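J.:
Number of protein chains: 2
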Amino acid sequence: MSIAFADRMSNVHKSFIREILKVTQDPSIISFAGGLPNPASFPVREISEAATAVLNESGESVLQYSTTEGYGPLREYVAERYARRGLKVDPDEVMITSGSQQGIDLAGKVFIDKGDKVLVERPTYLATLQAFGLYQPEFRSISLRDDGPDTAEMAEELATKKIKLFYAVPNFQNPTGITYSQRKREDVAALLNEHGTAFVEDDPYGEIRYMGDDMPPVKKYMENGVLLGSFSKIVSPGMRLGWLVAPKEVMENIVIAKQATDLHTNFFTQRVVYQYLITNDVDSHIMKIRAMYRKQRDTMVRAIEKHFPEEVRYTRPEGGMFLWATLPEGISSLELFDIAIKEKVAFVPGQAFFADGSGQNTLRLNYTNSGEEAIETGIARLGNAIHRLMEQKK
Amino acid sequence: MSIAFADRMSNVHKSFIREILKVTQDPSIISFAGGLPNPASFPVREISEAATAVLNESGESVLQYSTTEGYGPLREYVAERYARRGLKVDPDEVMITSGSQQGIDLAGKVFIDKGDKVLVERPTYLATLQAFGLYQPEFRSISLRDDGPDTAEMAEELATKKIKLFYAVPNFQNPTGITYSQRKREDVAALLNEHGTAFVEDDPYGEIRYMGDDMPPVKKYMENGVLLGSFSKIVSPGMRLGWLVAPKEVMENIVIAKQATDLHTNFFTQRVVYQYLITNDVDSHIMKIRAMYRKQRDTMVRAIEKHFPEEVRYTRPEGGMFLWATLPEGISSLELFDIAIKEKVAFVPGQAFFADGSGQNTLRLNYTNSGEEAIETGIARLGNAIHRLMEQKK
Chain R
17 MSIAFADRMS
27 NVHKSFIREI
37 LKVTQDPSII
47 SFAGGLPNPA
57 SFPVREISEA
67 ATAVLNESGE
77 SVLQYSTTEG
87 YGPLREYVAE
97 RYARRGLKVD
107 PDEVMITSGS
117 QQGIDLAGKV
127 FIDKGDKVLV
137 ERPTYLATLQ
147 AFGLYQPEFR
157 SISLRDDGPD
167 TAEMAEELAT
177 KKIKLFYAVP
187 NFQNPTGITY
197 SQRKREDVAA
207 LLNEHGTAFV
217 EDDPYGEIRY
227 MGDDMPPVKK
237 YMENGVLLGS
247 FSKIVSPGMR
257 LGWLVAPKEV
267 MENIVIAKQA
277 TDLHTNFFTQ
287 RVVYQYLITN
297 DVDSHIMKIR
307 AMYRKQRDTM
317 VRAIEKHFPE
327 EVRYTRPEGG
337 MFLWATLPEG
347 ISSLELFDIA
357 IKEKVAFVPG
367 QAFFADGSGQ
377 NTLRLNYTNS
387 GEEAIETGIA
397 RLGNAIHRLM
407 EQKK
Chain P
17 MSIAFADRMS
27 NVHKSFIREI
37 LKVTQDPSII
47 SFAGGLPNPA
57 SFPVREISEA
67 ATAVLNESGE
77 SVLQYSTTEG
87 YGPLREYVAE
97 RYARRGLKVD
107 PDEVMITSGS
117 QQGIDLAGKV
127 FIDKGDKVLV
137 ERPTYLATLQ
147 AFGLYQPEFR
157 SISLRDDGPD
167 TAEMAEELAT
177 KKIKLFYAVP
187 NFQNPTGITY
197 SQRKREDVAA
207 LLNEHGTAFV
217 EDDPYGEIRY
227 MGDDMPPVKK
237 YMENGVLLGS
247 FSKIVSPGMR
257 LGWLVAPKEV
267 MENIVIAKQA
277 TDLHTNFFTQ
287 RVVYQYLITN
297 DVDSHIMKIR
307 AMYRKQRDTM
317 VRAIEKHFPE
327 EVRYTRPEGG
337 MFLWATLPEG
347 ISSLELFDIA
357 IKEKVAFVPG
367 QAFFADGSGQ
377 NTLRLNYTNS
387 GEEAIETGIA
397 RLGNAIHRLM
407 EQKK
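Protein chains in written order, with the working numbering: chain R, 17 to 410; chain P, 17 to 410.
1. One question on the structure: do residue 319 (chain P) and residue 392 (chain P) come within less than 8 Å of each other, judged by their Cβ atoms?
2. Which whole runs of the alpha helix (DSSP H) in the region 156 to 235 of chain R are 4 residues long or more, in chain order?
3. Going by DSSP, what residues sit across from residue 101 (chain R) in a beta bridge?
4. Just the C-alpha distance for residue 372 (chain P) and residue 159 (chain P), rounded to the nearest angstrom, thanks.
5. Does the count of Cβ pairs from the region 33 to 52 of chain P and the region 295 to 304 of chain P closer than 8 Å reach three?
6. With DSSP as the reference, label residue 337 (chain R) as helix, strand or coil.
7. Look at the Cβ atom of residue 405 (chain P), then the Cβ atom of residue 236 (chain P), and state whether they are nearer than 8 Å.
8. Answer yes if the region 163 to 176 of chain P comes into contact with the region 351 to 362 of chain P, meaning at least three C-beta pairs across the two stretches below 8 Å, and no otherwise.
9. With C-beta atoms as the reference, is residue 337 (chain R) less than 8 Å away from residue 221 (chain R)?
10. Report the residue from P:154, P:381, P:175 and P:407 whose alpha carbon sits nearest the alpha carbon of residue 188 (chain P).
11. Who are the Cβ neighbours of residue 230 (chain P) in its own chain at under 7 Å, not counting the five residues just before and after it?
12. Quick one: give me the first and last residue of the alpha helix (DSSP H) that residue 78 (chain P) is part of.
13. Measuring CB to CB, does residue 317 (chain R) end up less than 8 Å from residue 306 (chain R)?
14. Please report the residue range of the alpha helix (DSSP H) in which residue 136 (chain P) lies.
15. Short of 7 Å in beta carbon distance, which residues of its chain neighbour residue 243 (chain P), apart from the five on each side in sequence? Order them along the chain.
16. Run through chain R and tell me which residues come within less than 7 Å of residue 81 (chain P), C-beta to C-beta.
17. So, for residue 109 (chain R): in the same chain, excluding its five sequence neighbours on each side, which residues have a beta-carbon less than 8 Å away from its beta-carbon?
18. Taking Cβ positions only, does residue 227 (chain P) come closer than 8 Å to chain R?
19. Counting only runs of 4+ residues fully inside the region 272 to 332 of chain P, write out the alpha helix (DSSP H) ranges in chain order.
20. Could you tell me which of R:157, R:147 and R:114 sits nearest to residue 133 (chain R), measuring between CA atoms?
21. Which residues in the same chain as residue 207 (chain R) place their Cβ atom closer than 7 Å to its Cβ, once the five residues preceding and following it in sequence are excluded?
22. Counting beta carbon pairs with one atom in the region 56 to 67 of chain P and one in the region 64 to 80 of chain R, are three or more of them shorter than 8 Å?
23. Looking at C-beta atoms only, is the number of pairs between the region 139 to 150 of chain P and the region 270 to 289 of chain P that lie closer than 8 Å three or more?
24. Got a sec, what are the start and stop residues for the alpha helix (DSSP H) residue 404 (chain R) sits in?
25. Mapping DSSP to helix, strand and coil, what is residue 45 (chain R)?
26. Assign residue 26 (chain R) to buried or exposed, taking buried as 16 or more other Cβ atoms, counted over all protein chains shown, within 10 Å of its Cβ.
27. When the Cα atoms are used, what is the spatial distance from residue 228 (chain R) to residue 250 (chain R)?
28. Grab me the residues of residue 81 (chain R)'s own chain with a C-beta within less than 8 Å of its C-beta, minus the 5 sequence neighbours each way, in chain order.
29. Judging by CA-CA distance, which residue of R:124, R:98, R:85 and R:53 is the nearest neighbour of residue 23 (chain P)?
30. Any idea which residues DSSP pairs residue 35 (chain R) with across the strands?
31. Reducing DSSP to helix, strand and coil, say where residue 238 (chain R) ends up.
32. Which residue from P:225, P:83, P:164 and P:313 puts its Cα closest to that of residue 390 (chain P)?
33. Check residue 111 (chain R) in the structure and name its three-state DSSP category.
34. Return helix, strand or coil for residue 345 (chain P), following the three-state DSSP convention.
35. Pull out every residue of the region 178 to 191 of chain R whose Cβ sits closer than 7 Å to any Cβ of chain P, in chain order.
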């Protein structure tokens, strides 16, 4: 007997990255394809101490059911950290989520009706296309410049297309590494305010800035912004702990959706991470991660300068985990992928990050999960592969 | 500027239970309203040892991102436990979820289109009405007898109403405590097979049987059943760890939905719980929980026999955490609630568990989170309240 699935399942496909990651299991392949933090950045001993402490001190409570919104002191901690970055947030406006990915899904559930127009950056975070895609919107894309979206284009979209929601990653975007300028933050916020468009600001990498000045979230300039954050890049991604900030009226709906989705976020982990945060020097831990990633980023940028044909353009991220390369027009990164795998190096072809199916000549490179020697060798191999492909196409 | 939410948000309300639980925060109130396991059943020391062990042995790996399907050995463990209960399951057919509540949400996402007819028991698990409700089905209800659903009525529904999916809790149902007989299991499966109707079998209490013989899941007799389970009642609910069993074609869609929802379930917790399971005598731990709950259940049944008017009917559960009482026709459990709160005892009025809004004279009582003295005293108070209300209505 055949099974009847919901319509929404007919539009989505398994993550392309997921399939690629399977190919790159081969240990002889140097992979820039994944999006993994460097495990050397995980505070293993400190987490172990924190787990022992909370179980000793309040074991029965940390293993029991808890509230949908999350652990109060952890919500306060998140609010306090935003205050330091210039954003005033009430702890009641913070929900602890199962990673910031869940924040994306909850926002989709609460805002998106079938057929609604959702505006995303070109390119955008792949897993948002998947999460939002299950609520069956019509995606529209806005061009991304080196300092953020093309605001003239955005103004036109908002004025003429009845956009329900805008989704963006303003800091060190996945996949491009691009960061919004201060000017673009304020302009984007003003446009969204003007049209009453909902905004989901995804900021999982915000604290991982190793160059330039920190800038406040776009939400600072908005009435109704939803802001997503994550402990994945500063503590541990495997623990799936993030947060969602939203004004009261939005939060009431998010709470309903969250409760229906999984009752509440793992309380044991919330308590362990909170214990870790208050008993350790988190800022110096983050400084270490920044220094580590800065070095890896510099190594990759230098290697690219040395090994890539000069026609290849690439971003120079001020933070985060990814760098984005654009091959000359007509050179396909999917074709490059096949050659690169033979050269024993992997990346993610960029097309998967485009809601409109463009971007055939782009690729994403992760530098946080490879040692400096591997980065040097891998980029040399990739440079060879690009040279070979460009030769073939001449 | 007013915010435009998705249509689906207009049909749902905050959990009624959630609101009730706030009223019952008063420590002078004896509450049978919650659905909490007895914290004395949590293996705190063992979990602490397991956490230390996995962090010592493979800290960097347990804190890293992991696979959407869940930790392989934990999936095998789940499959092996089902084998002991007479159900053959391949580990590939098991996904680790953020509690069984997430399994409900994922099934809703994968199966339910707006307007689809979803059949539930009358009454049914409240949080399923909420989770499925966000996918906007039309709920239909089937009468529940002492040994399971009315199969004649069910045959009629399936034959005439184009039912997309049936949801049920065949063991020690929340809210009624009712368990399907062996005959009903086979009959229900045969009906669903005949009509090719999807089935979500929710079994969070399956291992918590303290009377009568264990029976295999209904899925044993089905082609396409989805079966949900949970570690909440045998290890810890705060850790939000459950699983979903589904045949390959369904699982492929569930994996897509899960990945979009939160990438994967907390890997640290999966590893800690697996470590706990393989280094402890879980069966003897479950025996202890069963003995504890059996005693609490017996105390409540005896107290009801003594204190409730004889016109009140009630279930005598063979497992799980809840008992269900039915007041005489025309006596409202909502009115009773107000009187009971003054008597310093709380419960959940049953109406919230009915998709069709009936059940005004029913109530749910939890016995696992109160000591024997509190059960005795609380039921005496509740008996008084019922007597008073019935007097008033004469």
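For each residue, glycine too, the CB sits at the ideal point set by N, CA and C.
These numbers were taken from a predicted model, which means no experiment stands behind them.
T.: In brief:
1. Contact: yes.
2. DSSP assignment within the region 156 to 235 of chain R yields the following whole alpha helix (DSSP H) runs of 4 residues or more, N-terminal first: 167 to 176 and 198 to 211.
3. According to DSSP, residue pairing for residue 101 (chain R) in a beta bridge does not occur.
4. Cα to Cα, the separation comes out at about 11 Å.
5. With the cut-off at 8 Å, the region 33 to 52 of chain P and the region 295 to 304 of chain P do not touch.
6. The answer is coil: DSSP assigns residue 337 (chain R) none of H, G, I, E or B.
7. No, they are not a contact pair.
8. As far as the Cβ criterion goes, the region 351 to 362 of chain P does not touch the region 163 to 176 of chain P, which means the pair count is below three.
9. Yes, the Cβ-Cβ distance between residue 337 (chain R) and residue 221 (chain R) is below 8 Å.
10. For the residues P:154, P:381, P:175 and P:407, the minimum Cα distance to residue 188 (chain P) belongs to P:381.
11. Answer for residue 230 (chain P): 101, listed in chain order.
12. That run of the alpha helix (DSSP H) goes 60 to 78.
13. Residue 306 (chain R) sits away from residue 317 (chain R), with the two beta carbons spaced by 8 Å or more.
14. First-last for residue 136 (chain P): 133 to 138, but that is the beta strand (DSSP E), not the alpha helix (DSSP H).
15. The residues are 217, 219, 233, 235 and 261.
16. Correct list: 52, 253 and 254.
17. Counting only Cβ-Cβ distances below 8 Å, and skipping sequence neighbours, we find 95, 261, 262, 263, 264 and 267.
18. Between residue 227 (chain P) and chain R, the shortest Cβ-Cβ separation is not below 8 Å.
19. Fully enclosed alpha helix (DSSP H) runs of 4 or longer: 283 to 295 and 298 to 323.
20. Nearest C-alpha to residue 133 (chain R): R:157.
21. 167, 170, 171 and 174, listed in sequence order.
22. Contact check between the region 64 to 80 of chain R and the region 56 to 67 of chain P: three or more CB pairs, one atom from each, fall below 8 Å, which counts as touching.
23. With contact defined as three or more Cβ pairs closer than 8 Å, the region 139 to 150 of chain P and the region 270 to 289 of chain P are not in contact.
24. If you look at residue 404 (chain R), you'll find it in the alpha helix (DSSP H) that goes 388 to 409.
25. Looking at residue 45 (chain R) - three-state DSSP - the assignment turns out to be coil, as it is neither helix nor strand.
26. With fewer than 16 Cβ atoms within 10 Å of its Cβ, residue 26 (chain R) is classed as exposed.
27. Roughly 19 Å separates the two Cα atoms.
28. Close CB contacts of residue 81 (chain R) within its chain, under the 8 Å cut and outside five residues either way in sequence, are with 279, 280 and 283 (chain order).
29. The shortest C-alpha separation from residue 23 (chain P) is found at R:124.
30. Partner residues in a beta bridge of residue 35 (chain R), as assigned by DSSP, do not exist.
31. Coil at residue 238 (chain R), not helix or strand.
32. It is P:313.
33. Assigned with DSSP and collapsed to three states, residue 111 (chain R) falls in strand.
34. In the structure shown, the three-state DSSP call for residue 345 (chain P) is coil.
35. Of all residues in the region 178 to 191 of chain R, those with a C-beta nearer than 7 Å to a C-beta of chain P are 180, reading in chain order.
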